[in-house]
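First up is the structure itself, then whatever we jot down about it.
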Amino acid sequence: MTRMDHDAPQASQTGATITEVIPGPAGSLTVSDDVTAAPAVAAAPAAPAVQDSAAVPATPAGAMQTVMIGTSVQTGEPVMTEVPAFVHEGTQGEPLLSVRNLQKHFPIKGGFFGRTVGSVKAVDGVNFDLFRGEVVGLVGESGSGKTTVGRTLLRLVEPTGGDVIFKGQDVVKMDKRQLREARRDMQIIFQDPFASLDPRMTVEEIIGEALDIHKLHQGAERKPRIAELLQRVGIRPEQMVRYPHEFSGGQRQRIGIARALAVNPDFIVADEPVSALDVSIQAQVVNLLQDLQQELGLTVLFIAHDLLVVEYICDRIIVMYLGKIMEIAPSHQLNNDPQHPYTEALLSAAPVPDPTIKRQRIILEGDIPSPINPPSGCVFRTRCRYAIPQCAEVVPALREVKPGQFKACIRDDIL
Ligand SMILES: Nc1ncnc2c1ncn2[C@@H]1O[C@H](COP(=O)(O)OP(=O)(O)OP(=O)(O)O)[C@@H](O)[C@H]1O
Ligand code: SF4
Ligand SMILES: [Mg+2]
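First residue of the sequence shown: 523, per my numbering; consecutive thereafter.
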């Protein structure tokens, strides 16, 4: 796997005017009238962006910087604090994909006239970047919005708001023709390989259809291309005449992978690609995906529940909870030094491969709240063991707290 541990996306540096004082959780929240004067001030929405290291002056030891830790629930104004400054490292160039303030609110219809009576905030202001050739994990409990993010990136689900900039173009604003072209470069592998393959079509037709939509490898080239793809994913080419039900779950997922690769994409969303499979064959499919990613230089958003699998194959990990990002960090950093209480709790529940390492088990009390009416301020506060009254007052911004590591939590005196 191409390790890219020097990624140092940084919160955007824009000025903002503060009008409100909220006492800090650690007595540390301060207010500035003119934060444009402060270095490295992040403005909402905190948007991980690329940092050119050459442009960053070295930060003297002990220096402090003023950062925005969130927005006030009452006024919507930024809330600032002072934190130790750090030097940003490295650069990764332009992102392949930039997600900005992505939202998907599913309307709830009700009443006699079927009017909209509310909405499910499945994705609620999500920001992240994906760089060429990296594998990024997207984790979080069931219902946190992972699938909705993945599908919204390809506009299989229409976003309610926000931007998805892919290779410099906003997918959200594309017309049908532009979208069809973009989808040649963006593909998805679904969780359930049975449901995602049409049972009435042979494997040849399934993969051939993907080629036909984009007018690739037509005529005499078509069959050899399908054979080549099947061989690459470990299916015998002569089996292309068969139907999906004639294959095992693992084989069906291999066919789903071949279909995604048929059009030579740059970017793949893999939505829990192995969780519906037998444990005994999960590793084989994960290894296949990993080989293909390296061989083809793919950029992958790997959605999963299993933090162990994600740590194994991903360069970076995004942690979601109730439609929002809680933390983004390089995989090893997230596992060894989580900065967000939710990540800490998730990790405490995950099995540790090294039996000599003991983790304190943190029980997350209660269920994930309803995304119809999420808690005010920090959406994790109803289950957070570090919650304080201010957590209900401030919507935490996703801000960089260590090089390449972002968290959405107002407290810096924990973890
Ligand atoms: N079409 C829809 N209409 C209404 N609500 C939806 C729809 N699709 C998803 N949701 C809701 O949006 C929220 C996020 O769902 P999503 O499937 O994205 O979560 P997830 O993190 O992928 O969960 P899982 O781990 O179970 O796959 C959930 O509360 C879900 O019920
Ligand atoms: S994660 Fe916990 S401590 Fe941090 S803002 Fe949310 S509720 Fe507060
Ligand atoms: Mg899902």
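The C-beta atom is built at its ideal place from N, Cα and C for all residues, glycine as well.
#1: Please list, in chain order, all residues of the same chain as L829 whose beta carbon is under 7 Å from its beta carbon, the five residues on each side excluded.
#2: Confirm, please, whether the CB-CB distance from V807 to G772 is below 8 Å.
#3: Relative to ligand 3, what is the chain-ordered list of residues with a Cβ closer than 7 Å to any of its non-hydrogen atoms?
#4: So for M696, helix, strand or coil by DSSP?
#5: Nearest by alpha-carbon distance to F653: which of K689, F635, F634 and Q625 is it?
#6: Could you check whether D720 and G728 sit closer than 8 Å to each other, using their CB atoms as the reference points?
#7: Just tell me which of Q912, K924 and D935 has its CA closest to the CA of V938.
#8: Do you know how far the Cα of Q927 is from the Cα of N857?
#9: Measuring CB atoms only, is the stretch 799 to 819 touching the stretch 766 to 780, in the sense that at least three cross pairs come out at less than 8 Å?
#10: Would you list the one or two residues that DSSP bridges to F628?
#11: Where does V833 land, buried or exposed, given buried means 16+ other C-beta within 10 angstroms?
#12: Under 8 Å Cβ to Cβ from G672, same chain only, skipping five residues before and after it: list those, please.
#13: Tell me the DSSP bridge mates of K924?
#14: When we look at the beta-carbon of R939 and count the other beta-carbons within 10 Å, is it buried (16 or more) or exposed?
#15: CB A798 to CB D714, shorter than 8 Å?
#16: Looking only at its chain, what residues have a beta carbon closer than 8 Å to the beta carbon of T593, apart from the 5 residues adjacent to it on each side?
#17: Suppose the cutoff is 8 Å on Cβ atoms and the five residues either side in sequence are ignored; what does the same chain contact list for E887 look like?
#18: Pull the bridge partners of K846 from the DSSP assignment, please.
#19: Could you tell me the distance, in whole angstroms, from the CA atom of L811 to the CA atom of E726?
#20: With DSSP run on the structure shown, which of helix, strand or coil describes A559?
#21: Which one or two residues does DSSP pair with P716 in a beta bridge?
#22: For the beta strand (DSSP E) holding P746, just list the boundary residues, first then last.
#23: Can you tell me which residues form a DSSP beta bridge with A851?
#24: Note down the Cα distance separating A569 from K846, rounded to an integer number of angstroms.
#25: Let me confirm a value: K929 is counted as buried when at least 16 other C-beta atoms fall within 10 Å, else exposed. Which label applies?
#26: Given this structure, state the Cα-to-Cα distance separating A909 from R881, to the nearest angstrom.
#27: With a CB to CB cut of under 8 Å and the five nearest residues on each side skipped, what residues in its chain are close to L618?
#28: How would you label P547, buried or exposed, when you count the other beta carbons within 10 angstroms and need 16 or more for buried?
#29: So, with DSSP's three-state summary, where would you put G683?
#30: When every heavy atom of ligand 2 is checked, does at least one fall within less than 7 Å of the C-beta of P918?
#31: Does the beta-carbon of A644, which I'm using as the reference point, lie nearer than 7 Å to any heavy atom of ligand 1?
#32: Can you tell me where the beta strand (DSSP E) holding Q815 begins and where it ends?
#33: Using the C-alpha atoms, what's the distance from S853 back to P860?
#34: Should R933 be listed as close to ligand 2, given that the test is whether its C-beta is under 7 Å from any heavy atom?
#35: V755 to T674, Cα distance in whole Å?
#36: When the Cα of P795 is compared with those of R776, A784, L783 and N786, which residue comes out closest?
Taking the structure as given:
#1: V661, L868, L869 and A872.
#2: The criterion of a C-beta distance shorter than 8 Å is satisfied by G772 and V807.
#3: With 7 Å as the limit between CB and the heavy atoms of ligand 3, the residues that fall short of it are K668, T669, Q713, D793, E794 and I825.
#4: DSSP places M696 in coil when its eight states are reduced to three.
#5: The candidate whose alpha carbon is nearest that of F653 is K689.
#6: As written in the sequence, residue 728 is Ile, which differs from the Gly given in the question. Note that the C-beta distance between I728 and D720 is below 8 Å.
#7: Shown here, the chain extends from 523 to 937; a query on residue 938 therefore has no answer.
#8: Rounded to the nearest whole angstrom, the CA to CA distance from N857 to Q927 is 12 Å.
#9: The answer is yes - the stretch 766 to 780 touches the stretch 799 to 819, with three or more Cβ pairs under 8 Å.
#10: DSSP, once it has assigned bridges, lists V642 as partnering F628.
#11: Checking the displayed sequence, the identity of residue 833 turns out to be Glu instead of Val. A residue is called buried once 16 or more other Cβ atoms fall within 10 Å of its Cβ, and E833 is buried on that count.
#12: Result list for G672: L660, I710, V791, D793, L823 and I825, in chain order.
#13: Partner(s): Q927.
#14: Summary: the structure shown does not reach residue 939, with the chain confined to residues 523 through 937, and so no result is reported for it.
#15: With a cutoff of 8 Å on beta-carbon distance, A798 and D714 are scored as near each other.
#16: Excluding residues within five positions, the ones whose Cβ falls inside 8 Å are A566, E599, P600, V601, V916, V917 and A919.
#17: Excluding sequence neighbours, E887 sits near R905.
#18: In DSSP, K846 forms a bridge with Y843.
#19: Roughly 21 Å separates the two Cα atoms.
#20: Residue placement at A559 cannot be trusted, given a pLDDT of 32 that sits under 50; what the coordinates show is reported in the next sentence. Residue state, collapsed to three classes: helix.
#21: It is Phe, not Pro, that sits at residue 716 in the sequence shown. Listed as beta-bridge partners of F716 by DSSP are no residues whatsoever.
#22: For P746, there is no enclosing beta strand (DSSP E); the enclosing alpha helix (DSSP H) covers residues R744 to R754.
#23: Its beta-bridge partners are I839.
#24: Confidence at A569 is low in this model, with a pLDDT of 44, below 50, so its placement is unreliable and the value that follows should be read with caution. Straight through space, the alpha carbons of K846 and A569 are spaced by roughly 13 Å.
#25: Classification for K929: buried.
#26: Roughly 21 Å separates the two Cα atoms.
#27: Non-local C-beta neighbours of L618 in its own chain, meaning closer than 8 Å and more than five positions away in sequence, comprise L652, F653, R654, F688, K689, D788, F789 and T821, ordered along the chain.
#28: Note that P547 scores a pLDDT of 40, beneath 50, so its modelled location is shaky; the value from the coordinates is reported in the next line. By the beta-carbon neighbour count (other beta carbons within 10 angstroms, threshold 16), P547 is buried.
#29: Residue state for G683 is assigned as strand, using DSSP reduced to three classes.
#30: At least one heavy atom of ligand 2 is nearer than 7 Å to the Cβ of P918, so yes.
#31: Under cutoff, so the answer is yes.
#32: Under the DSSP assignment, Q815 falls outside any beta strand (DSSP E), being part of the alpha helix (DSSP H) whose first and last residues are V801 to L818.
#33: P860 and S853 have their C-alpha atoms spaced approximately 10 Å apart.
#34: Relative to ligand 2, the beta carbon of R933 is positioned inside 7 Å of a heavy atom.
#35: Going from the Cα of V755 to the Cα of T674 covers about 27 Å.
#36: Ranking R776, A784, L783 and N786 by Cα distance to P795 puts R776 first.
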